[in-house]
Every structure is written in C-alpha cells, then in structure tokens.
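Residue 283 in UniProt numbering sits at position 283 of the sequence shown; the count goes up by one each step and never skips. Even glycine gets a Cβ: it sits at the ideal position worked out from N, Cα and C. Computed from a predicted structure; not experimentally measured. Everything on this sheet refers to the single structure shown next.
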Amino acid sequence: MRVQPLDDSAEFREGTDRLRALVYPTAQDSHDPNWHRSLWSWLESHPLAAEHMHRWVLATEADEVVGHLAATPQWYRVNGQRVIAHTPADYQALPQYGFQAILLMRKFFRTIENCVSIDMVPSVIAVETRLGAEEAGEMQYMAKLLNVSRLPAPPLPARVKKLLNLEERQVLTTQPGTDPQGFHENVIPLPVRPRAPIPKPVQGLMNGGLRLADKALSSAFGGRLKVEVLDGFDESFDEMFEKVASEVPVVPEKNAEFLRWRYGPGSPQHPVTILGVKGREGLLGYAVLGVTIKGFVDRLRDGYVLDLVTLPGRHDVARALLPEVVRHFRRSGVPLFRYRFLESPTSPRRSDLLKMGFFSRKGRRNRLLVKFADPVAHKAARDIDNWSYSIGDGEATFWVRLS
1 MRVQPLDDSA
11 EFREGTDRLR
21 ALVYPTAQDS
31 HDPNWHRSLW
41 SWLESHPLAA
51 EHMHRWVLAT
61 EADEVVGHLA
71 ATPQWYRVNG
81 QRVIAHTPAD
91 YQALPQYGFQ
101 AILLMRKFFR
111 TIENCVSIDM
121 VPSVIAVETR
131 LGAEEAGEMQ
141 YMAKLLNVSR
151 LPAPPLPARV
161 KKLLNLEERQ
171 VLTTQPGTDP
181 QGFHENVIPL
191 PVRPRAPIPK
201 PVQGLMNGGL
211 RLADKALSSA
221 FGGRLKVEVL
231 DGFDESFDEM
241 FEKVASEVPV
251 VPEKNAEFLR
261 WRYGPGSPQH
271 PVTILGVKGR
281 EGLLGYAVLG
291 VTIKGFVDRL
301 RDGYVLDLVT
311 LPGRHDVARA
321 LLPEVVRHFR
331 RSGVPLFRYR
341 FLESPTSPRR
351 SDLLKMGFFS
361 RKGRRNRLLV
371 KFADPVAHKA
381 ARDIDNWSYS
391 IGDGEATFWV
401 RLS
C-alpha cells in the first residue's frame, strides 16, 4: 500500500473515477466523470493552484486506486497578515481500506504548513485532530421551510409507519459489515425521510399560511435600506472586504477576484443570484444564493445561502437582506433552503433568523478545525469568536451542484 501524487496517467485518473463510483454508488454525480473533471479543472484555475495544490491517491501493489485526498489552497487574513492555508478535500476511500486511508491524511499534514478544515464526519475529525488540528468550534445550521411537503413524519410506532407506507428508503449502500470512511458530508446520500401524510388540500392551506406569515415578518425587518440584484462582483467588493478584514481577526480572503472565481462561469456553483445593499460609503452587505439540481431520489431542489456578509456590526443590513432571501427562494419554487455560517459581527444574528421563521438544525453541523504554524496565528484561528465564515467560503460546498 502506498501514497503517491495523482499524476496525469490515464490509469490513475480512471482509477479515481472508479473509486468515486464505488464509494458513492447512488450519489447523483458519482458516475459522471466528465463533471468531476470539469470541477477539478476549475479548482486548478485558482491562482494558488499551480504552485500549492496537491492531489494524492492510495494505491495497492497492483496499482488499484483505493483512496484519494487533495489539498486545496486559499488565502486568509489572520491578524491583518495574508496567509496561505490548505483544506483537505475530496477525502475518500473504499470501506475496507479505511484504516490505511489515514496515510493520506498523514501525507497532507506533513506537506502543508497551515490548515483550515470544515468537517462533520466524526471519523475524519478524529484523524485530523490526532494529526495536530484543533477544533475551533461549531457552525450554525439554520433552515427555513417554504412548503409543508418537506415536513417529516412525526415519530410513530413501526406498525403505523408500515400501514401509512412511511418507511425510510435507505439509498446509501455499503458492503456488509463495513462503514463509510471519510465520506464528504455534502455527497453522502442520506436515507430519504418519510414525509408527513398531509392531504393536498390541507397542504395548500398550510402553505398559504406560511406565505402570509413570511409577508408579515418581512414587513417588520427591512427598514429603509434598499436591496438590489447585482450583476457581478465589482471593485466595491474589494473595498468592502478590506473594511471587514481590518476589524475581523480571521477571515477568508473574499475580494472580487476570489468571488468571481468562486461563483463565476466555470464554477460548479454557477449561476448564483447576488443580492446587495449599497449606501453612501459603498457596498454595505451582500448575499450569494443558489438552487440545486433536482435530487436523485426525491426529485426536489433545495436552496442554499452560500454567503451572507455585512460590514461589521451592520445588523440592519442583514435584516434587510433576509426578507429578500426568502422572497428569492419562494420565487425559485424550492420547498426548503439551508444556511450554515459562523455567527459573527458580519453575519445575521441567530435571534433575527429565528424571528424570521428559520429553525435550528442540531444534526449534521459542520465543525471548524485549524492548524497554523505560527503560534500567534494559531491562537487567533482556534478562537471561533475571531472568525467571519460562511459555508460557501471553502471546500465544503464545492461539490454542491446548482442549476
């Protein structure tokens, strides 16, 4: 068993494609190698990629690819200093090689200097912390229901579930006696939860009630600030980022160049909708919104708030953006949308989200892990209160495919 760089040889490239199909047998894009190659072409277009991006495979003596890991680079501002940190990306291995897959993570931490990782899989977090990363804290996970068709069925006795045909459909398959190792949390196909058996006429009444409630809540939130749809990321995003970085100790570098790379043509998250609030002093805040392609099993689409950031302390701007976010996803026809973020001076307040009808999801929360070579930078980064971060800022959503 050996770890080696993923080169351009057809054998290892095709082996990586086969590995993905075996690890994620029912994931929507696991059997679409062309899409994954386009995703990696996009990652390789990052300004830091040519010099700083790495990809490794775990191979057997017979050259069978049984594991994969990449190190994707990104600029951060830490205490005002520009720093490169890597994220472990697309970590996967065949279940029977889960123990040997630790070799990939060991290679990652021996190669890179600084690490920022967003994970939720306990086995992966355990490996990362064993190899020197420290857990800074947990991200908020909020969601908002727009259509009661997504309401889960309440807890019921097994016999009643069977009578109502509410059994969960398990769509993730693994080999008997094994567990998935290092699966990416945004690719794992979860069991399809049974939906509440609400008659269609009643659903219509309940959905009408949700719309009326949102209208009433929105009228109390916006204030006098005007929210507009922006065409793209111009120099005003550079100016806003520098203002944020001057007050927030730790933040991913989200200038206009990065945002155009992150969400522009070629990105798996293109197209997105950009909402913005402007004032006399320039851009005051913005939100980046996306809608997924239809699900593999339930054929539904979900909404994602990929980013929502304001100038530090401008909670009035966040309150103006939130109603427009809800209106956008209603127009998009999604039954539910999700928002993962670190609460900070640049984010909406959790209390405002709850007042706007969001609910908190306690399961499947992402955790932020860090490791910086410089002790001062590491001390700053491991304090969750020093961060401004949204789920779209890094690798955790690179594999979410939008329509």
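Item, Value
"Contact under 8 Å by Cβ, Phe301 with Ser403", "It should be pointed out that residue 301 corresponds to Arg in this sequence rather than to Phe. Taking 8 Å as the Cβ cut-off, Arg301 and Ser403 qualify as a contacting pair."
"Length at least 3, wholly inside the region 38-106: the beta strand (DSSP E) runs in chain order", "54-59, 65-78 and 81-93"
"CB contact flag (Asn366, Met142, <8 Å)", "no"
"Counterpart residues of Gly232 in DSSP-defined beta bridges", "Gly232 is not bridged to any residue."
"Beta strand (DSSP E) segment containing Lys278, residue limits", "Thr273 to Gly279"
"Rounded separation between Leu146 and Asn207 - CA only", "7 Å"
"Simplified DSSP assignment, three categories, for Gln203", "helix"
"Alpha helix (DSSP H) segment containing Phe221, residue limits", "Premise fails: Phe221 is in no alpha helix (DSSP H) and is neither H nor E."
"Beta-carbon proximity list for Asp352, same chain, < 8 Å, skipping 5 on both sides", "Phe221, His315, Ala318, Arg319 and Leu322"
"Short Cβ contact (8 Å threshold) for Leu58 with Val3", "yes"
"Element boundaries [beta strand (DSSP E), containing Thr310]", "Gly303 to Thr310"
"C-alpha gap between Gly223 and Leu205, whole angstroms", "29 Å"
"Arg110: CB within 7 Å of a non-hydrogen atom of the ligand NAD", "Absent from the structure shown: the ligand NAD. Ligands present: none."
"Residue environment, Met1, which counts as buried when at least 16 other CB atoms sit within 10 Å", "exposed"
"Top-ranked residue by Cα proximity to Gly394, from Val116, Gln96, Arg82 and Leu103", "Val116"
"Residue of Val250, Val305, Ala213 and Lys254 minimising C-alpha distance to Lys355", "Ala213"
"Other residues of its chain near His31: CB distance less than 7 Å, five sequence neighbours each side excluded", "Ala21"
"Cβ-Cβ distance between Val272 and Val288 below 8 Å", "yes"
"His270, buried or exposed, once every other Cβ within 10 Å from all chains shown has been counted against 16", "exposed"
"Inter-residue Cα distance where the pair is Leu311 and Asp63", "51 Å"
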